[in-house]
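The structure under discussion appears below in the form of structure tokens.
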Amino acid sequence: MAEKTKWGTVLLFLLPAILLLLFFLVYPALYTVLLSFDRGRNGVLGEFVGLDNYVRVFSDQDFINLSTFPPSGALWNNVVWIIFYTSFVIFLGLIIAVIASRVRYESVIKAVVFLPMAISATALAVIWKFVYAPDANIGLLNAILANFGVSPISWLGDQGIVNFALIAVGIWASVGFATVILSAALKSIPAEITEAARVEGANELQVFFRITIPMVSLPMSVLAVTLIVNVIKLFDLIYVMTGGGPGTSSRVIAFTMYQQAFSAGQYGFGSAVAVVMLVLLLPIMIFNVRRFRTQAVR
Amino acid sequence: MATVRLEHIYKKFGDVIAVNDLSLEIRDEEFLVLVGPSGCGKTTALRMVAGLEEQTSGDIFIGDRLVNDVPPKDRDIAMVFQNYALYPHMDVTDNLSFGLKLWHVVRDEIKRRIEDAARMLGIDRLLQRKPRELSGGQRQRVALGRAIVREPKVFLMDEPLSNLDAKLRVQTRADLLKLHQRVKTTTIYVTHDQVEAMTMGDRIAVMRDGLLQQLDTPEGLYASPANLFVAGFIGSPPMNFFRGTVRQVDGQTMVDTGSVRVPLPPRVAGGAARAALGREVVYGIRPEDIEAQNGTGGWPVRANIEVVEYLGNEVQVHANVQGVTFVARLSPRAGARVGEDLPLSLHTERAHVFDAKTEDAISG
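Chains A and B supply the protein sequences, listed in that same order.
The letter at position 16 of the first sequence is residue 7 when you use my numbering, and the numbering goes up by one with no holes.
Numbering-wise, my numbering comes out as the position in the second sequence, counting from 1, plus 16.
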């Protein structure tokens, strides 16, 4: 017997969440969108400028520069991050999860790999600044190279290297997360299924690519989406390690937004960057919501 | 087609001996059932034949080939798992063709084999479905089909019916037998269910605690169990046992429980009985070897009826004769009523006697 829905009660329970979302999410988001069409002097609305901010954002060589090869700019750096960071984190996470599942001290391995997750991004950025220090007396990496007679490399000072040096830190920090997620996914595959494949004539590689990978594809895509969202929002690591430098060569979208709005006082420009970021995140969010919905149906 | 030979197989997990000196020869085209309670080592034995588990010592031959160091994929076997182990991300066709593709069987041949197997198993209309869209019985058929299309030397089946409901299990049991009569592939079938074992096996190997107890035809196991365990395991409801001492009473060798005396079966009553005189034994008689007295012979006893279980075609009564209790399968017309006395006759010529210490059968 279905009881009549008491809308008053429903509303009462939803109210706190709705209020919080309105004040801290919906209102700021709408305000940011409005600001992106405004000069936004001192962060307040006053002078409508139409699409001016967007034109400036996309003609800013520091935001996106397609005239060189490879392209450069904050938006391009994010693309590089997405490609290398996401694929390497998943690849390494899967390899470690598979290898760890075959040894007895699996939990130790997973704990060690997961450890960076427990360190705040700021703290691990500081640690890696030391690792990357150009002075071989301070920098671990250059000290190791010095042993092989290689002269010190300025990891964070070279425009061609800095992004990859940062991405490596990002990978180091996230592999543990991927390992734990994928290891749980691997464990959910019944042993009989891989055994059946082995009896049927599959070797280890065939089992891995034709049984294991397809069976963890769903958690893997969840992981990929999470990582991509994290990359698009990436800020702290870069702020602490390079401040976007050398020059502007390691800036990413979120960093540009912060720098323009809060350091340079260009609230309109910064808001336009924020809106671009939101637009980039939207399809991923829609994809995610859709997939959860189809899963719920199953 | 091939024989499978296990020679002195041991399997140890740490200090636990899962399989203890198992030697078996499965004949070509034979349907051999490995049966025993859970933890008896039957599944481990099967997995060693598959190569999924490595024996601690001993040799396994498939055909004439020693396969100790041969990986599962090269043993030319097919295995059916208890939970079917279908590949969830593939449809039925892909599930059936997975192994064939790995062996680079040509496409027309794959198609032919899948069609044949699908028709044989009645799954030809399910070929495009994913495993999650199939019922338990259908999944089970697909799992069988996956084994059949490979046309292997040996089928290994690990409790393939235990996830089906009771009705479907009986039907599938018969289907499996028909299938075996058609393809005639040597089969090793593991189950804990003695009814499955009895109805399906050409021969049955009964295992317990890693040890082979007896290897015989269903008829052989039923008629002459080698020891107390086999006697109690085969048959439902199980054989009645009571302890007693062998004595000479009025020129006849009897088992004396203290309150009841029953004669030894004639095949035991000779030299073996004389040797057993004064010894403690376990006397076993099956519920179906006890009848309501109708003047056709047997050893008469007067039993008090404690419980009557009505099953339609028969009643199972729990009877008590001076403190000795046993179960008997009687006709519903025998007139058994709770609390009343009923004259019964025991067909002692079909009884079994076991040494109380060694638990081995005593026979003449």
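Glycine residues also receive a C-beta, built at the ideal position from the N, C-alpha and C atoms.
As the structure is a prediction and not an experimental result, all values here were calculated from the model.
Beta carbon of residue i nearer than 8 Å to that of residue j
| i | j | result |
| --- | --- | --- |
| B:LEU48 | B:ALA61 | no |
| B:VAL324 | B:ALA289 | no |
| A:LEU6 | A:VAL89 | no |
| A:VAL222 | A:VAL24 | no |
| B:GLU212 | B:ARG198 | no |
| B:VAL108 | B:ILE76 | no |
| A:TYR18 | A:ALA263 | no |
| A:PHE153 | A:PRO61 | It is worth fixing the name first, because residue 153 of chain A is Val in this sequence and not Phe. Not in contact: A:VAL153 and A:PRO61 (Cβ atoms no closer than 8 Å). |
| B:GLY152 | B:LEU112 | no |
| B:VAL206 | B:GLU175 | yes |
| B:ASP85 | B:ALA242 | no |
| B:GLN332 | B:ARG345 | yes |
| B:LEU172 | B:ILE93 | yes |
| B:VAL337 | B:VAL317 | yes |
| A:TRP67 | A:ILE55 | yes |
| A:PHE253 | A:VAL171 | no |
Minimum C-alpha distance to residue i - residue among the options
| i | options | result |
| --- | --- | --- |
| B:LEU292 | B:GLY67, B:SER361, B:GLY260 and B:VAL340 | Note on identity: in this sequence residue 292 of chain B is Ala, with Leu being the wrong assignment. For B:ALA292, the nearest C-alpha among the options comes from B:GLY260. |
| B:MET106 | B:GLN98, B:CYS56, B:GLU149 and B:VAL298 | B:GLU149 |
| B:THR201 | B:SER73, B:GLN98 and B:ILE78 | B:ILE78 |
| A:TYR249 | A:SER240, A:GLY238, A:ILE229 and A:PRO237 | A:ILE229 |
| B:MET95 | A:GLU191, A:LEU85 and A:PHE226 | A:GLU191 |
| A:VAL48 | A:PHE4, A:MET268 and A:ILE277 | A:MET268 |
| A:ALA114 | A:VAL280, A:THR(-4), A:VAL160 and A:ALA127 | A:VAL160 |
| B:PRO147 | B:HIS120, B:TYR103 and B:ILE130 | B:TYR103 |
| B:LEU244 | B:ILE301, B:ARG21 and B:ASN336 | B:ILE301 |
| B:ASP232 | B:GLU23, B:LEU40 and B:THR269 | B:LEU40 |
| B:HIS120 | B:HIS363, B:ARG141, B:ARG166 and B:GLY153 | B:ARG166 |
| A:ALA164 | A:VAL270, A:ASP227 and A:SER50 | A:ASP227 |
| B:PRO303 | B:HIS334, B:GLU70, B:MET214 and B:ARG277 | B:HIS334 |
| A:ILE158 | A:VAL207, A:THR77, A:ILE172 and A:SER145 | A:THR77 |
| A:VAL70 | A:LEU272, A:MET276 and A:ALA102 | A:LEU272 |
| B:ILE25 | B:ILE33, B:THR203 and B:LEU137 | B:ILE33 |
| B:ARG157 | B:VAL186, B:LYS183, B:GLN144 and B:LEU192 | B:LEU192 |
| A:ALA124 | A:THR233, A:GLY259 and A:TRP(-2) | A:THR233 |
| B:GLY287 | B:THR59, B:ARG155, B:ARG366 and B:THR269 | B:THR269 |
| B:GLY30 | B:THR72, B:SER252 and B:LEU118 | B:THR72 |
| A:LEU147 | A:ALA109, A:LYS120, A:THR217 and A:ARG281 | A:LYS120 |
Terminal residues of the alpha helix (DSSP H) in which residue i lies
| i | result |
| --- | --- |
| B:PRO234 | 234 to 239 |
| A:SER50 | 43 to 50 |
| A:ARG93 | A:ARG93 -> no alpha helix (DSSP H), and no H or E assigned at all. |
| B:THR202 | Where B:THR202 is concerned, there is no enclosing alpha helix (DSSP H), although the beta strand (DSSP E) it sits in stretches over 202 to 207. |
| A:TRP163 | 153 to 178 |
| B:MET214 | 210 to 216 |
| A:TRP146 | Looking at the DSSP string, A:TRP146 is not in any alpha helix (DSSP H), and its letter there is neither H nor E. |
Neighbour list for residue i in chain C, Cβ cutoff strictly below 8 Å
| i | result |
| --- | --- |
| A:PRO181 | The chain inventory of the structure shown lacks chain C, comprising the protein chains A and B. |
Within chain A, partners of residue i - CB distance below 8 Å
| i | result |
| --- | --- |
| B:LEU118 | GLU191, GLY192, ALA193 and GLN197 |
| B:LYS89 | ARG189, VAL190, GLU191, GLY192, ALA193 and ASN194 |
| B:ARG302 | Under the 8 Å cutoff, chain A gives no residues; its nearest Cβ is about 38 Å from B:ARG302. |
Where residue i meets chain A, residues with beta-carbon distance less than 7 Å
| i | result |
| --- | --- |
| B:GLY115 | GLU191 and GLY192 |
| B:HIS105 | PRO205 and MET206 |
| B:ILE93 | VAL190 |
| B:ARG157 | The premise fails here: B:ARG157 is roughly 15 Å from chain A at the closest Cβ pair, so nothing lies under 7 Å. |
| B:ARG129 | Simply none; closest approach about 14 Å. |
Bounding residues of the beta strand (DSSP E) (the contiguous stretch that carries residue i)
| i | result |
| --- | --- |
| B:ASP37 | 32 to 42 |
| B:SER361 | 357 to 362 |
| A:TRP72 | It is not in any beta strand (DSSP E) - A:TRP72 carries neither H nor E in the DSSP assignment. |
| B:GLY300 | 296 to 301 |
| B:PHE171 | 170 to 174 |
| B:VAL265 | 256 to 265 |
| A:VAL291 | As shown, chain A starts at -8 and ends at 289. That puts residue 291 of chain A outside it, with no answer to give. |
| B:LYS28 | 20 to 29 |
| B:TRP119 | Neither: B:TRP119 is in no beta strand (DSSP E) and is coded neither H nor E. |
Neighbouring residues, chain A, relative to residue i (Cβ below 9 Å)
| i | result |
| --- | --- |
| B:ALA133 | Going along chain A, no residue has its Cβ under 9 Å from B:ALA133, so there is no contact; the nearest lies around 14 Å. |
Chain B contact residues for residue i, given Cβ-Cβ distances below 7 Å
| i | result |
| --- | --- |
| A:ALA184 | According to the sequence displayed, residue 184 of chain A carries Ile and not Ala. Ordered by position in chain B, the residues that pass the 7 Å Cβ test against A:ILE184 are ALA101 and TYR103. |
Inset, instruction - May I ask you to list, following chain order, the residues of the segment 186 to 211 of chain A that have a beta carbon less than 9 Å from some beta carbon of chain B? - result: GLU186, ALA187, ALA188, ARG189, VAL190, GLU191, GLY192, ALA193, ASN194, GLN197, ARG201, ILE202, PRO205, MET206 and SER208
Legend entry - Residues of the segment 50 to 84 of chain B whose Cβ lies closer than 8 Å to any Cβ of chain A, in chain order: Taking 8 Å as the Cβ-Cβ cut-off against chain A, the residues of the segment 50 to 84 of chain B that qualify are ALA66, GLY67 and LEU68.
Inset, instruction - Report the residues of the segment 6 to 31 of chain A with a CB closer than 8 Å to any CB of chain B, ordered along the chain. - result: none
Legend entry - Cβ-based contacts, 9 Å cut-off: residues of the segment 250 to 275 of chain B near chain A: Hits within the stretch: zero.
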